[in-house]
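The listed protein sequences correspond, in order, to chains H and L.
The working numbering puts the last residue of the first sequence at 1388; the count rises by one with no breaks.
The working numbering puts the last residue of the second sequence at 1388; the count rises by one with no breaks.
From the three backbone atoms N, C-alpha and C, an ideal C-beta is built for every residue, glycine too.
Okay, structure first, notes after.
Number of protein chains: 2
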Amino acid sequence: MLDFIYNAPTTVYFGKDKHREVGKIISGYGYKKIMLQYGKGSIKKSGLYDEVMASLKECGIEVVEMGGVEPNPKLSFVERAIEVAKTEKVEMILAVGGGSVIDSSKCTALGAKYEGCVWDFNIGKAKPVDALPVGCILTIAAAGSEMSNSAVLTNTELNMKKGCSTEFNRCKFAILNPELTYSVGKFQTACGLVDMMTHTMERYFSVCPDTPLTDAIAESILKSIVEAGKILMENPEDYEARATAMWASSLAHNSLTGCGRENYLAVHQLEHAVSGIFDEVAHGAGLAVIYPVWMEYVKDLAPARFAKFARGVFGVKNSDDKAAAKEGIERIKEFFFDTLKLPSKLSDFSIEGKDIDALVNACTYNGTRTVKSYIPLGEKEVKEIFESCL
Amino acid sequence: MLDFIYNAPTTVYFGKDKHREVGKIISGYGYKKIMLQYGKGSIKKSGLYDEVMASLKECGIEVVEMGGVEPNPKLSFVERAIEVAKTEKVEMILAVGGGSVIDSSKCTALGAKYEGCVWDFNIGKAKPVDALPVGCILTIAAAGSEMSNSAVLTNTELNMKKGCSTEFNRCKFAILNPELTYSVGKFQTACGLVDMMTHTMERYFSVCPDTPLTDAIAESILKSIVEAGKILMENPEDYEARATAMWASSLAHNSLTGCGRENYLAVHQLEHAVSGIFDEVAHGAGLAVIYPVWMEYVKDLAPARFAKFARGVFGVKNSDDKAAAKEGIERIKEFFFDTLKLPSKLSDFSIEGKDIDALVNACTYNGTRTVKSYIPLGEKEVKEIFESCL
Chain H
999 MLDFIYNAPT TVYFGKDKHR EVGKIISGYG YKKIMLQYGK GSIKKSGLYD
1049 EVMASLKECG IEVVEMGGVE PNPKLSFVER AIEVAKTEKV EMILAVGGGS
1099 VIDSSKCTAL GAKYEGCVWD FNIGKAKPVD ALPVGCILTI AAAGSEMSNS
1149 AVLTNTELNM KKGCSTEFNR CKFAILNPEL TYSVGKFQTA CGLVDMMTHT
1199 MERYFSVCPD TPLTDAIAES ILKSIVEAGK ILMENPEDYE ARATAMWASS
1249 LAHNSLTGCG RENYLAVHQL EHAVSGIFDE VAHGAGLAVI YPVWMEYVKD
1299 LAPARFAKFA RGVFGVKNSD DKAAAKEGIE RIKEFFFDTL KLPSKLSDFS
1349 IEGKDIDALV NACTYNGTRT VKSYIPLGEK EVKEIFESCL
Chain L
999 MLDFIYNAPT TVYFGKDKHR EVGKIISGYG YKKIMLQYGK GSIKKSGLYD
1049 EVMASLKECG IEVVEMGGVE PNPKLSFVER AIEVAKTEKV EMILAVGGGS
1099 VIDSSKCTAL GAKYEGCVWD FNIGKAKPVD ALPVGCILTI AAAGSEMSNS
1149 AVLTNTELNM KKGCSTEFNR CKFAILNPEL TYSVGKFQTA CGLVDMMTHT
1199 MERYFSVCPD TPLTDAIAES ILKSIVEAGK ILMENPEDYE ARATAMWASS
1249 LAHNSLTGCG RENYLAVHQL EHAVSGIFDE VAHGAGLAVI YPVWMEYVKD
1299 LAPARFAKFA RGVFGVKNSD DKAAAKEGIE RIKEFFFDTL KLPSKLSDFS
1349 IEGKDIDALV NACTYNGTRT VKSYIPLGEK EVKEIFESCL
């Protein structure tokens, strides 16, 4: 077990109707003026917006609104939000939405306490030393941003999507009401399940010695997601399955599944190149295509680990490591493509051979970095993986 | 899944030599004057005391010492420590030791911000509204106090051992260096393993519907503890096994294993009566005697749950629930008594039939409460369980 620091300070309020308590929760921290960020209006259609505003109003909390966060949130939006946050002197940011809205809020919170451009944090030009507090009401189980230390931002000018990890990115509180996810469609639900699975699997397949306790917890989370996924594809309003998925999304990415392990997310680096350029590719859908291809690409470098995964998550019985590893990958594909019915190729998104070079450049920062994995993934390897995804 | 609030804000610094960073960690929070609590001097013999003091001195931190915390920490000691903390105006408490030292420090921290007697919190006469921050350097994997919200205190005048649970009891930081536990003897190591197992099992066997994700995580933790225990009985200096046990002790009791479940610790209520009166009974040893007896006592009221436990933790194959449940209990007994070699009866501690009434009175607060379980445990039931423990 490698040395680690574990810090997951987010207070989680989990359960039915919990979002109606948001005003009380925020008042408990003493904040009186907040910025509310949300997406493109689905929370208005669903009635959630009205319920949140009613709770905030009841507690006398002044609200500055910044609706319109896009999927793969954009630097340009965040820069506007930072200006408003500074001018209006808001005391915290409340994100109502999914990973994009939460990431946008986190970046706003960092930028509100910084004089330069917030993108500096994403490219490592500066390190955050302060941030406004962020709270969230989660509406989709997927990104795990509600408890994670990371936020991903897209710089459209540079065609670059990049994460920033800092403990200042931990939400102060997260309100998780599984019922709010009933209305998430099958495709988005499926994408979310893949996202949380890969958050767990990326840490599971990081290159370091076995960690029995962390491995067992990771396998538990993965098994639970697979079981919940099967139920949700049949019955999107199954409370227990929605609750399992929602809590799993948080645990998958709050650092628990990485304790004592290396914590780089290799395939996420590849996928960020895809959805950074092709905005129409949902992050989870991109991961579903690339992850099994990456598994095939590296499996022979760590057959025992891949076999452990297959046995621990899918109960594969084969005692031969290579055969078990292969079976595990087949089971992942079955789950992603047969059960969740996600596209299995980048070409399903009209991404073609001619786009590969741009993807490779985006992923390797024009050949200036390799992605950590069982072998370092440089331009050649990244290109081979992307080509196998077509 | 029941509604829940999850709050585990303790920052964990895990790994080799991490205790040497304690001065830097405390300085990071800005504290300049602290109280140091420890037990009866084993940290002086081991050299840990000197290393901690060197780190604190290097960072210019002023230290007020309160050594001499006893196992099952006593109200009288805590009252003295509170006086000193108030007089000396210390800014935080650093506990160097196991559960007793941490609990003593937590109670001191609560009392330092309260005008009345700190025992008020244990008997529900008052609720904490503030506390000094507490940090710890853990020297035994057992109680889980390093991340839990509870602290147990013994009032020798009343012959009463009672916990107080409050979010003010969460440590600000916990330094977990598995190497510090190499010197813990086999008996105490075994007691610790039982303590952390029962923290997990008590939540697992609380009366509420199945919670697939929490159940799977609990089973993972239990399996990992059993595997680590087998290794540690053979090789007390196996780093990986010590690390697994140490991290498991924290996860078992930081609320994770109770998410979505009822959170009362039934058998702990019975054991507190035992070690509250018979100071020579180690908490974990008391639990090892009582837990299997309690399991036998209630197993027929929830055969499916007990079977799930047997299958999930010990891989029991029997498809008949009652038979599987029975086998699971046998496996627990084998682990406690054959592998860990712990005493299996209260009579091994010279507790006799004539002592039962006192134990029943202590557990039921002289007949004024029942203990929650698959059936409420009143005087009659508690008496039957204790009698079966002889």
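Rounded to whole angstroms, the separation of the alpha carbons of Glu1325(L) and Gly1161(H) is 49 Å. DSSP places Glu1063(L) inside the beta strand (DSSP E), whose first and last residues are Glu1060 to Met1064. For Leu1211(L), the nearest CB of chain H lies under 8 Å from its own CB, placing it at the interface with that chain. Cβ atoms of Ile1032(L) and Glu1081(L) stay farther apart than 8 Å, at about 16 Å.
As the crow flies, the alpha-carbon of Asp1213(L) is around 34 Å from that of Ile1275(L). In its chain, beyond the 5 residues on either side, Leu1191, Met1194, Met1195, Ala1243 and Ala1246 have a beta carbon closer than 7 Å to the beta carbon of Ile1223(H). For Met1199(L), the enclosing alpha helix (DSSP H) covers residues Lys1184 to Tyr1202. Neighbourhood of Met999(H) in chain L, by CB distance below 9 Å: Phe1012, Gly1013, Pro1176, Tyr1237, Glu1238, Ala1241, Thr1242 and Trp1245, in chain order. The segment 1259-1267 of chain L and the segment 1196-1210 of chain L touch, with no fewer than 3 CB-CB distances between them shorter than 8 Å. By the criterion of a C-beta distance shorter than 7 Å, Lys1014(H) is surrounded in its chain by Asn1175 and Glu1177, once the five residues flanking it on both sides are discounted. Burial is judged here by how many other beta carbons sit within 10 angstroms of a residue's own beta carbon; Glu1269(L) has at least 16 and is buried. The three-state secondary structure of Leu1034(L), taken from DSSP, is strand. When Cβ pairs closer than 8 Å are counted between the two stretches, the segment 1042-1053 of chain L is seen to touch the segment 1005-1023 of chain L, the count reaching three or more. Secondary structure remark: continuous alpha helix (DSSP H) runs of at least 4 residues inside the segment 1229-1312 of chain L, in chain order: 1237-1251, 1264-1275, 1281-1296 and 1301-1312. For Lys1125(H), not one C-beta of chain L is nearer than 8 Å to its own C-beta. Here Ser1253(L) is buried: its Cβ has 16 or more other Cβ atoms, across all protein chains shown, within 10 Å.
Shown here, Pro1071(L) sits in coil according to DSSP, grouped into three states, outside any helix or strand. Residues of the segment 1219-1234 of chain L with a C-beta less than 8 Å from any C-beta of chain H: Ile1219, Lys1221, Ser1222, Glu1225 and Ala1226, listed in chain order. The C-beta separation of Ser1143(H) from Asp1101(H) comes to about 6 Å, placing the pair in contact by the 8 Å criterion. Counting along the chain, the unbroken beta strand (DSSP E) around Ala1093(H) starts and ends at Met1090 to Gly1095.
For Met1158(L), the enclosing beta strand (DSSP E) has its first and last residue at Met1158 to Ser1163. Burial state of Ser1348(L) is exposed, judged by a 10 Å Cβ sphere holding fewer than 16 other Cβ atoms. Distance check between Asp1336(H) and each of Val1061(H), Tyr1295(H) and Phe1185(H) places Phe1185(H) closest, using alpha-carbon atoms only.
Not a single CB atom of chain H sits nearer than 8 Å to the CB of Pro1069(L). For Ala1129(H), no chain L residue has a Cβ inside 7 Å of its Cβ, as the nearest lies near 17 Å away. With respect to chain L, the C-beta atom of Thr1009(H) has a partner C-beta closer than 8 Å.
Using beta-carbon distances, Ala1006(H) counts as an interface residue toward chain L, with a partner under 8 Å.
For Asn1153(L), the uninterrupted beta strand (DSSP E) segment begins and ends at Ser1148 to Asn1153. Proximity of the segment 1347-1365 of chain L to the segment 1271-1288 of chain L meets the contact definition, three or more beta-carbon pairs being nearer than 8 Å. As a beta-bridge residue in DSSP terms, Leu1136(H) pairs with Gly1095(H).
Annotated three-state conformation of Tyr1004(H) is strand, per DSSP. For Ile1138(H), there are no C-beta contacts with chain L under 9 Å, since the nearest C-beta of that chain is about 18 Å from it. Look at Leu1130(H) here: in three-state DSSP terms it is coil, with no helix or strand label. In this structure, the straight-line span from the alpha carbon of Asp1319(L) to that of Val1311(L) is close to 15 Å. Here DSSP, grouped into helix, strand and coil, assigns Tyr1112(L) to coil. Nearest to Phe1171(H) by alpha-carbon distance, out of Gly1376(L), Glu1113(L) and Asn1005(L), is Asn1005(L).
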